[in-house]
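Protein chains in written order, with the working numbering: chain G, 11 to 312; chain C, 8 to 295.
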């Protein structure tokens, strides 16, 4: 096979020449020393009730910028559930430490111009499902408009100034050293990145199963949404098919065991399987939830 | 909430840092995991999935008095499989030393609400199903009664003065022990013994009550393998009479160290557990 034929379809030779500079920031992040031991749990969620709610809301108002998708419902369900499992709503600061946030800012991973980027839905638990859908549409449209252009400019600059490419290999080490040594620097870095949980949906690309990784300087929890599947069930001797959504969760085994993680996943499942009382309005905090925000800690944030 | 000495003018809402009591207490409680689970302490783990047809096991359990729990059945099947292939109950120091267990101890993880604790059953092979079940139930009840206050109920406010420095010192000393301790005579044996006392030679995790449908995990040295059981699943199959019927299956995941165990051997080991659970008469026996 000639080298030209090894290029994946849809990727021209010119694009491949630029590929490594475009991936530099990912390559240095994915160094083995940067990842954490994470476990991955997965639940298969029955979508019948969520599908009915989605259709009803879209029949009421189906304008492009206001349409509700499963993605929005999952973001809302995850944000609601995190309100009662706040321990998963945080970031790493240093190697042995973490920071837990009271406010829930959900980052949705969006495929834009061949690169994954995040749009952050602030206070996702406090928004109604419709508000969350509107905000997501608005942010994704804006990001798609701006990111491709920015990326082109960055790649051009990197090609012209070769030293810049070399510096990119050194900067993460400097940054990590700073974060190891200076706690304040670490906190500043994290405040610049407003998301507190990340939700990625490889299911839209047809992915049926995968396992993500957690990295130094990133979030404690990653939720993954897989492709919707049809599952056969038997009812009164008749075979019926139902839609199920596999939702996976990657979490740091050092911060908690499988029990608390599975309970968060099950609360997301409950939000999606019984959506009317949970998804339509703001999140309802359960005062008995053992992993909710510590009682008496922190003033009501504005 | 205070963030200690750090001034975050542009902080986005309230937050808890390691200097706040609830999070500091939690990180302290999980010190071993926080310091120990670095990438260099992890095995190159493979995840192997198989499932068990549950009809025969359900009949077997219903026919016994007292009815044994699933964890006890898993423990008994694993103990018998470990007798066939003791490699999976060995301990590996990550360098060149593989320690075979004369009498493998099984660790059964128990969810206590906030964290998992292990019931360690030394000489598990000698125990019958009823004895295993009684010990697991007794320890699980004890662990749950001993559980401390939850994250929400933990006292608010700053952590005690110097708590962070003390924790950092403990982490550094633990890290030094893990990296260089093997150079001291007897240190490796002590570390392996501590591991066995905490988790046994082979750990079993029953995630079924937590409604987990799928799992991918990792493995920490010195363990060579661990077993995870997930939630039983119903599948529609065509029965012998041609009609559709529901079949219940229990998914099992064996996480094993690929550098030590070839896949065919791991498959044979997991099949040994599956076979014993599908033909549960094999589980009877052992001391009462």
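Glycine included, C-beta positions come from ideal geometry on N, C-alpha and C.
### Message
Would residue 135 of chain G pass as an interface residue toward chain C - the criterion being a Cβ-Cβ separation below 7 Å?
### Response
It does not: the Cβ of residue 135 of chain G has no partner Cβ on chain C nearer than 7 Å.
### Message
Just verifying my parser: in three-state terms, what is the DSSP assignment at residue 208 of chain C?
### Response
In the three-state reduction of the DSSP assignment, residue 208 of chain C falls in the coil class, being assigned neither a helical nor a strand state.
### Members of the stretch 211-241 of chain C near chain G, C-beta cut-off 8 Å
212, 214, 217, 218, 219, 220, 221, 222, 223, 224, 225, 227 and 241
### Message
Mapping the DSSP letters down to three states, classify residue 114 of chain G as helix, strand or coil.
### Response
Coil at residue 114 of chain G, not helix or strand.
### Query
At a CB-CB cut-off below 9 Å, which residues of chain G make contact with residue 121 of chain C?
266, 267, 269, 270, 300 and 301
### Query
Whose Cβ in chain C lies nearer than 9 Å to the Cβ of residue 228 of chain G?
Residues of chain C passing the Cβ test: none, with the nearest at roughly 15 Å.
### Query
Does residue 30 of chain C come within less than 7 Å of chain G when only Cβ atoms are used?
Judged by the 7 Å Cβ criterion, residue 30 of chain C is in contact with chain G.
### Message
Within 8 Å, do at least three Cβ pairs link the stretch 93-101 of chain C to the stretch 70-79 of chain C?
### Response
no
### Message
Could you tell me the alpha carbon to alpha carbon distance between residue 98 of chain G and residue 80 of chain G, rounded to whole angstroms?
### Response
22 Å
### Task
Apply the 10 Å Cβ neighbour rule to residue 220 of chain C and answer buried if 16 or more other Cβ atoms are within range, or exposed otherwise.
buried
### Of the residues C:201, C:158 and C:63, the one placed nearest residue 304 of chain G, counting alpha carbons only
Nearest of C:201, C:158 and C:63 to residue 304 of chain G, Cα basis: C:158.
### Task
Return helix, strand or coil for residue 180 of chain C, following the three-state DSSP convention.
helix
### Query
At a CB-CB cut-off below 8 Å, which residues of chain C make contact with residue 107 of chain G?
24, 25 and 34
### Message
Please tell me whether residue 130 of chain G has its Cβ less than 7 Å away from any Cβ of chain C.
### Response
The beta carbon of residue 130 of chain G does not come within 7 Å of any beta carbon belonging to chain C, so the residue lies off that interface.
### Query
Expressed to the nearest angstrom, what Euclidean distance is found between the alpha-carbon atoms of residue 10 of chain C and residue 166 of chain C?
Here residue 10 of chain C scores only 40 on pLDDT, less than 50, and its place in the model should not be relied on; the value that follows carries that caveat. Distance between residue 10 of chain C and residue 166 of chain C, taken at the CA atoms: about 11 Å.
### Message
Once DSSP output is grouped into helix, strand and coil, what is the label at residue 84 of chain G?
### Response
Three-state result, residue 84 of chain G: helix.
### Task
Indicate whether residue 86 of chain C and residue 132 of chain C have their beta-carbon atoms separated by less than 7 Å.
yes
### Query
Tell me the DSSP bridge mates of residue 100 of chain G?
Bridge partners of residue 100 of chain G: G:110.
### Query
Mind checking residue 263 of chain G: buried by the 16 CB within 10 Å criterion, or exposed?
By the neighbour-count criterion, in which 16 or more other beta carbons inside 10 Å mark a residue as buried, residue 263 of chain G falls on the buried side.
#### Entry: Between the CA atoms of residue 63 of chain G and residue 69 of chain G - distance to the nearest angstrom
If you draw a straight line from the Cα of residue 69 of chain G to the Cα of residue 63 of chain G, it comes to about 10 Å.
### Query
Which same chain residues, not among the five before or five after residue 107 of chain C, have their C-beta less than 7 Å away from its C-beta?
93 and 97
### Query
Would you call the CB atoms of residue 119 of chain G and residue 126 of chain G closer than 7 Å?
yes
### Task
Measure the Cβ-Cβ separation of residue 162 of chain C and residue 28 of chain C and say whether it is below 7 Å.
yes
### Query
Considering residue 233 of chain G, what are the terminal residues of the beta strand (DSSP E) in which it resides?
Here the beta strand (DSSP E) through residue 233 of chain G covers 231-235.
### Query
Under 8 Å Cβ-Cβ, which residues of chain C neighbour residue 276 of chain G?
217 and 218
### Message
Buried or exposed, going by whether 16 or more other CB atoms sit within 10 Å of the CB of residue 75 of chain C?
### Response
Under this definition residue 75 of chain C is a buried residue.
### Residue interval of the alpha helix (DSSP H) (run including residue 117 of chain C)
For residue 117 of chain C, there is no enclosing alpha helix (DSSP H); the residue is found in the beta strand (DSSP E) stretching over 113-118.
### Query
Counting along the chain, where does the beta strand (DSSP E) carrying residue 211 of chain G start and finish?
Residue 211 of chain G -> no beta strand (DSSP E), and no H or E assigned at all.
### Query
In chain G, what lies closer than 7 Å to residue 99 of chain C by C-beta?
The contacting residues do not exist; residue 99 of chain C stays about 17 Å from chain G at best.
### Message
Could you compute how far the alpha carbon of residue 267 of chain G sits from the alpha carbon of residue 51 of chain G?
### Response
11 Å
### Message
Once the 5 residues before and after residue 240 of chain G are set aside, which same chain residues still bring their CB inside 8 Å of it?
### Response
251, 252, 253 and 254
#### Entry: Close Cβ partners of residue 93 of chain G (< 6 Å) along its chain, the five nearest in sequence each way excluded
Within the same chain, and ignoring the five residues on either side of residue 93 of chain G in sequence, the residues whose Cβ sits closer than 6 Å to its Cβ are 135, 293 and 295.
### Query
Any idea if residue 222 of chain C is buried or exposed, counting beta-carbon neighbours within 10 angstroms, 16 or more meaning buried?
In the assembly as shown, residue 222 of chain C is a buried residue. Its beta-carbon has 16 or more other beta-carbons within 10 Å.
### Query
Around the C-beta of residue 65 of chain G, are 16 or more other C-beta atoms found within 10 angstroms, so that it is buried, or is it exposed?
With fewer than 16 other Cβ atoms within 10 Å, it is exposed.
### Query
Mapping DSSP to helix, strand and coil, what is residue 130 of chain C?
coil
### Task
Mind checking which residues open and close the alpha helix (DSSP H) that includes residue 279 of chain C?
270-285
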